[in-house]
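Colleague: What follows is a single structure, and I will ask about it in a moment.
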Amino acid sequence: MRSTFAGLNTMVRGIYANQLSLDTTGHNITNAGTEGYSRQSVNLAATRGQQVSSIYGQVMVGTGVDSTSIERARNVYADKQYWSETAQQQYYKTQQTNYDKVEAIFNDSGNTGVKNALTEFYNAWNDLSTNASTASNRTAVIEKSNVLADRIKTASQQLQAQINAQYDDMRLSVTQINDYTDQLVKLNQNIMTTEATGASANDLRDQRDLIVDNLSKYMNLNVYEDDKGMYSVVSNGITMVNGINKLTLEMSEPQMNKTYGISDYTVNIKESGIAYLPTNGSLKAQMDTIAEDNGYLDDMSNIAGFMLTTFNTMHQQGAGIDGTDSSLSTYYTDGTGKKYTDDTKAKEYTGPSYGTNFWGDSNTLYTWDAENSCVKATEMSGITHSLSIDETTDTAGNTVRTPKVTLNGTKVAEQSLKGIKIINALGVSTDITATGGQNTIAARTLATEQKKETTGKLITDAAGDPVYEVTVNGSGDGTNATNLSTLINMDQDNVHSTANVVYSDGTASFMDTTTAADKITATLKNNMVSRSLDKDSVNAYYSAMVAQLGSDSESLDDKADAQDDLILQITNWRSSTSGVDWNEELSNMIMFQKGYSACSRCLTTMDEMLDKLINSTGMVGR
């Protein structure tokens, strides 16, 4: 038999159900702007009916409604897509930031960059080539050379600063990742505890998914949920979070990188000590951009290495305007630094400077080691310079006579320069920057010609063969300055040496430009063949570097824009499921409000009926 008060219970259930639905709707509305919040809804189900008798037999009478759960709206597949693509998006964004900074370093729009310095450097040598004796032209060469060296060093220092900044960002990333994994462990614990009692931990789950959203910006990850509702987070095959357990990332101790003049770091897993190498995300981009910036440092060091080796070698083939030009090759060395015109009378050499460094230390000879991609800096003591003539035969059988410059001394020390050490070594020689040193700039060309008497008569030996000597052209000749300027703008296949240069330590030659390319060994390098820029001109090398930088940056911008569009689509996809729709919630609020009111009115009516029944029907049953 149905209870007299059964209807009251039915309406009470209806009131409770509508009240819970209204509360949930209010929860949705108040959290509409909360990041990571997922719309919630009450799952309702009719309660078990009650069997009652009627004239037609037994019938089932409904007993109302009850709430079975409060469920959050979430698209798991959309979440996984978002986490995957967010890592790629942040990789591009981090790279974009680095490219923007590198482009600013090599920006020549304000005529303050390396490109402008190269142009002015070339113009200064070109101007000197028109008149080698002009003091202002020589001073300008020194000034523009110093500017070029300073620009290269400044750009390199800015790259070093950028690399150090990237390491600082990596350190912040590691700290943030550890913080997120700590939060995941705590949320896993709370969710498991809450849901073990049969309750729903919807808001905790939203917080946890938001943490994963943020974590996916730094690293590639895959998320798995166990039967207890806890997440496991796997990155690059390493389980970073496993329920209530986690791994911790840490930065290594600084490792001095002598090549680039910075301290390098790795990201390690603290518990095992192994390196952590993500495949995506901002942390991966920071690692990659450091390597890229080191590459730009290599480019600067290659240009500096070219100046110290090839440019110096070409400079050593010419002569300054100091001293007397006569009888350059009639003097020879006796080991004391003295030159002799005959076997009995010693005479100090008073001719123009030759065989001098333009860049670097005047007592150091620089050669390019192609096998080890470095500059060999050989410090010498007691360097002497001597001139002679190399004779070769061309394909037509004609004798070709070329001036030969020999730099001989005692090897004191030798070191291999790489990266920042090459750049730091780049500077105009103090011999040239000293007072009067501008006159030693070797703008003029050494040449071989038949020796003449003061009367102009050609001199021959006893056999009647001509006698040759090494000379320099007049003070106004700037042919070697022209040769030097071609190194800036001309492909090296079209650059021709005017003299041969030999470096010797008294026992063996360690650089000889007379050696054929096919005879070059590990200990005998041809500076004009094996060099840091291969066969490119300096200008072409630098322009290619900047062009590649611009191309890479533009390509990355396109990829980033496409990735942003993809993320927007996925975000809208997620929002369509879990986002709060104001119109929908307001409609639900009106519906549940009316349901609550209807149940309340029905309850009031039933109460009135029972009151009438109990209090107004008089005494019954006596």
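908 is the number of the first residue of the sequence shown in our numbering; add one for each residue after it. In this text, a Cβ means the ideal position worked out from N, Cα and C, and glycines have one as well. Keep in mind the model is a prediction, meaning the values are calculated, not measured.
CA-CA distance, S1444 and I1395?
Modeller: Locating residue 1444 in the sequence shown gives position 537, where the first residue counts as 1. Locating residue 1395 in the sequence shown gives position 488, where the first residue counts as 1. Roughly 5 Å separates the two Cα atoms.
Colleague: Assign M1207 to buried or exposed, taking buried as 16 or more other Cβ atoms, counted over all protein chains shown, within 10 Å of its Cβ.
Modeller: Locating residue 1207 in the sequence shown gives position 300, counting from the first residue. Looking at its Cβ environment, which holds 16 or more other Cβ atoms inside 10 Å, M1207 is buried.
Colleague: Ignoring anything shorter than 4 residues, give me the alpha helix (DSSP H) runs that lie fully in the segment 1260-1299, in order along the chain.
Modeller: Listed in chain order, there is nothing to give.
Colleague: So what does DSSP say about E1160, is it helix, strand or coil?
Modeller: In the sequence shown, residue 1160 corresponds to position 253, counting from 1. Three-state DSSP puts E1160 in coil, outside helix and strand.
Colleague: Report buried or exposed for K1442, applying the criterion of at least 16 other Cβ atoms within 10 angstroms of its Cβ.
Modeller: Locating residue 1442 in the sequence shown gives position 535, counting from the first residue. Exposed.
Colleague: Can you tell me which of N1085, A1039, C1506 puts its alpha carbon nearest to the alpha carbon of Q1345?
Modeller: Sequence index remark: in the sequence shown, residue 1345 carries index 438 (1-based). Answer by Cα proximity: A1039.
Colleague: Pull up the distance between the alpha-carbon of L927 and that of K1000, whole angstroms please.
Modeller: Numbered from its first residue, the sequence shown carries residue 927 at position 20. Numbered from its first residue, the sequence shown carries residue 1000 at position 93. Cα-Cα distance, rounded: 44 Å.
Colleague: By the DSSP assignment, the beta strand (DSSP E) with I1348 in it spans what residues?
Modeller: Taking the sequence shown and counting its residues from 1, one reaches residue 1348 at position 441. Per DSSP, I1348 belongs to no beta strand (DSSP E) and is neither H nor E.
Colleague: Apart from the five residues on each side of it in sequence, which residues of its chain come closer than 6 Å, Cβ to Cβ, to T1512?
Modeller: Position 605 of the sequence shown, counted from the first residue, corresponds to residue 1512. Cβ neighbours of T1512 beyond the five flanking positions: none.
Colleague: Can you list, in chain order, the residues of its chain whose CB lies under 7 Å from that of G1071, leaving out five sequence neighbours each side?
Modeller: Position 164 of the sequence shown, counted from the start, is the residue given in the question as residue 1071. It should be pointed out that residue 1071 corresponds to Asn in this sequence rather than to Gly. So the qualifying residues of the chain are I1169.
Colleague: How close, in whole Å, do the beta carbons of L1440 and F1213 come, if the pair is a contact with beta carbons under 8 Å?
Modeller: On the sequence shown, residue 1440 is found 533 positions in, with the first residue counted as 1. On the sequence shown, residue 1213 is found 306 positions in, with the first residue counted as 1. Between F1213 and L1440 the Cβ distance is about 5 Å, and since that is below 8 Å, they are a contact.
Colleague: When you compare the CB positions of A1031 and G1225, do they come within less than 8 Å of one another, or not?
Modeller: Here residue 1031 is taken as the residue at index 124 of the sequence shown, counted from 1. Here residue 1225 is taken as the residue at index 318 of the sequence shown, counted from 1. Not in contact: A1031 and G1225 (Cβ atoms no closer than 8 Å).
Colleague: In or out: D1518 buried (at least 16 other Cβ within 10 Å) or exposed?
Modeller: On the sequence shown, residue 1518 is found 611 positions in, with the first residue counted as 1. That one is exposed.
Colleague: Taking buried to mean at least 16 other C-beta atoms within 10 Å of its own C-beta, is V1552 buried or exposed?
Modeller: Since the first and last residues shown for the chain are 908 and 1529, residue 1552 lies out of range.
Colleague: Got a sec, what are the start and stop residues for the beta strand (DSSP E) M1397 sits in?
Modeller: Looking up residue 1397 in the sequence shown gives position 490. First-last for M1397: undefined, no H or E at that position.
Colleague: Is it right to say K1432 is buried, meaning 16 or more other beta carbons lie within 10 angstroms of its own, or is it exposed?
Modeller: Here residue 1432 corresponds to residue number 525 of the sequence shown, with the count starting at 1. Because K1432 sits at a pLDDT of 40, beneath the cut-off of 50, its placement in the model cannot be relied upon, and the point is left open.
Colleague: Less than 6 Å between C-beta atoms, sequence neighbours within five positions excluded: which residues of the same chain meet that for A954?
Modeller: If you number the sequence shown from 1, residue 954 lands on position 47. Note that residue 954 corresponds to Thr in the displayed sequence, not to Ala. Excluding residues within five positions, the ones whose Cβ falls inside 6 Å are T970, G971, D973.
Colleague: Please classify N1479 as buried or exposed, where buried requires at least 16 neighbouring CB atoms within 10 angstroms.
Modeller: Start at 1 with the first residue of the sequence shown, and residue 1479 comes out as number 572. Answer is exposed; the Cβ neighbour count stays below 16.
Colleague: So for F1013, helix, strand or coil by DSSP?
Modeller: Working through the sequence shown from its first residue, we reach residue 1013 at position 106. In this structure, F1013 counts as coil in the three-state DSSP scheme.
Colleague: Where do the ends of the alpha helix (DSSP H) carrying R1058 lie?
Modeller: Walking along the sequence shown from the start, residue 1058 turns up at place 151. It spans 1042-1102 - the alpha helix (DSSP H) in which R1058 sits, taken as one unbroken run.
Colleague: Would you decide whether T1243 is buried or exposed? Buried here means 16 or more other CB atoms lie within 10 Å of its CB.
Modeller: The residue labelled residue 1243 in the question sits at position 336 within the sequence shown. Because the pLDDT of T1243 is 48, which lies under 50, any placement of that residue in the model is unreliable, and the number read from its coordinates should be weighed accordingly. Classification for T1243: exposed.
Colleague: Below 8 Å between beta carbons: does that hold for V1453 and F1013?
Modeller: Within the sequence shown, numbered from 1, the residue matching residue 1453 stands at position 546. Within the sequence shown, numbered from 1, the residue matching residue 1013 stands at position 106. In this structure, F1013 lies closer than 8 Å to V1453 by Cβ.
Colleague: Check whether the Cβ atoms of N1530 and T1186 sit closer than 8 Å, and answer yes or no.
Modeller: The question about residue 1530 has no answer here: the residues shown for the chain are numbered 908 through 1529.
Colleague: Residues bridged to T1313 by DSSP?
Modeller: In the sequence shown, counting from the first residue as 1, residue 1313 sits at position 406. According to DSSP, T1313 bridges with S1293, V1409.
Colleague: Can you find the residues in the same chain that come closer than 7 Å, C-beta to C-beta, to Y1203, ignoring five residues on each side of it along the sequence?
Modeller: Taking the first residue of the sequence shown as 1, we reach residue 1203 at position 296. Only V1009, L1066 meet the Cβ criterion.
Colleague: Taking E1492 as part of the beta strand (DSSP E), name the residues at either end of that continuous run.
Modeller: Within the sequence shown, residue 1492 is the residue found at index 585, counting from 1. First-last for E1492: 1489-1522, but that is the alpha helix (DSSP H), not the beta strand (DSSP E).
Colleague: Per the contact definition of three or more C-beta pairs closer than 8 Å, is the segment 1138-1153 in contact with the segment 1082-1091?
Modeller: Because the criterion of three Cβ pairs below 8 Å is met, the segment 1082-1091 and the segment 1138-1153 touch.
Colleague: So, at 7 Å on beta carbons, what are the nonlocal neighbours of V1021 in its own chain, with the 5 sequence-adjacent residues on each side left out?
Modeller: As a working note, residue 1021 is residue 114 in the sequence shown. Cβ neighbours of V1021 beyond the five flanking positions: F1013, R1058, I1059, A1062, Y1449.
Colleague: Is the distance from the Cβ of N1005 to the Cβ of T1166 below 8 Å?
Modeller: The residue you call residue 1005 lines up with position 98 of the sequence shown. The residue you call residue 1166 lines up with position 259 of the sequence shown. No, the Cβ-Cβ distance between N1005 and T1166 is not below 8 Å.
Colleague: Spatial neighbours of L929 within its chain, please: C-beta separation below 6 Å, excluding the five flanking residues on both sides.
Modeller: As a first step, residue 929 must be located in the sequence shown, where it is residue number 22. So the list reads F1499, once near-sequence residues are dropped.
Colleague: Are any of the Cβ atoms in chain D nearer than 8 Å to that of D1015?
Modeller: Any reference to chain D falls outside this structure, which holds one protein chain only.
Colleague: For a minimum of 3 consecutive residues, which ranges assigned as the beta strand (DSSP E) are wholly contained in the segment 1132-1209?
Modeller: The segment 1132-1209 contains these whole beta strand (DSSP E) runs: 1138-1142, 1145-1149, 1156-1158, 1162-1164, 1169-1171, 1174-1176.
Colleague: Leaving out the 5 sequence neighbours to the left and right, which residues in its chain are closer than 8 Å to N1097 when beta-carbon positions are compared?
Modeller: Numbered from 1 along the sequence shown, position 190 holds the residue referred to as residue 1097. These residues qualify, in order along the chain: A1108, L1111.
Colleague: Looking at the strands, I want to know which residues DSSP matches up with M967.
Modeller: The count along the sequence shown starts at 1 and reaches residue 967 at position 60. The partner list for M967 (beta bridge, DSSP) reads Q958.
Colleague: Tell me the rounded alpha-carbon separation between T1026 and S1458.
Modeller: Residue numbering aside, residue 1026 sits at position 119 when the sequence shown is read from its first letter. Residue numbering aside, residue 1458 sits at position 551 when the sequence shown is read from its first letter. About 22 Å.
Colleague: Within the continuous beta strand (DSSP E) that includes T1453, where are the two ends?
Modeller: Taking the sequence shown and counting its residues from 1, one reaches residue 1453 at position 546. The amino acid occupying residue 1453 in the given sequence is Val; Thr does not appear at that position. Taken as a continuous stretch (DSSP letters only), V1453 belongs to no beta strand (DSSP E), being part of the alpha helix (DSSP H) at 1445-1485.
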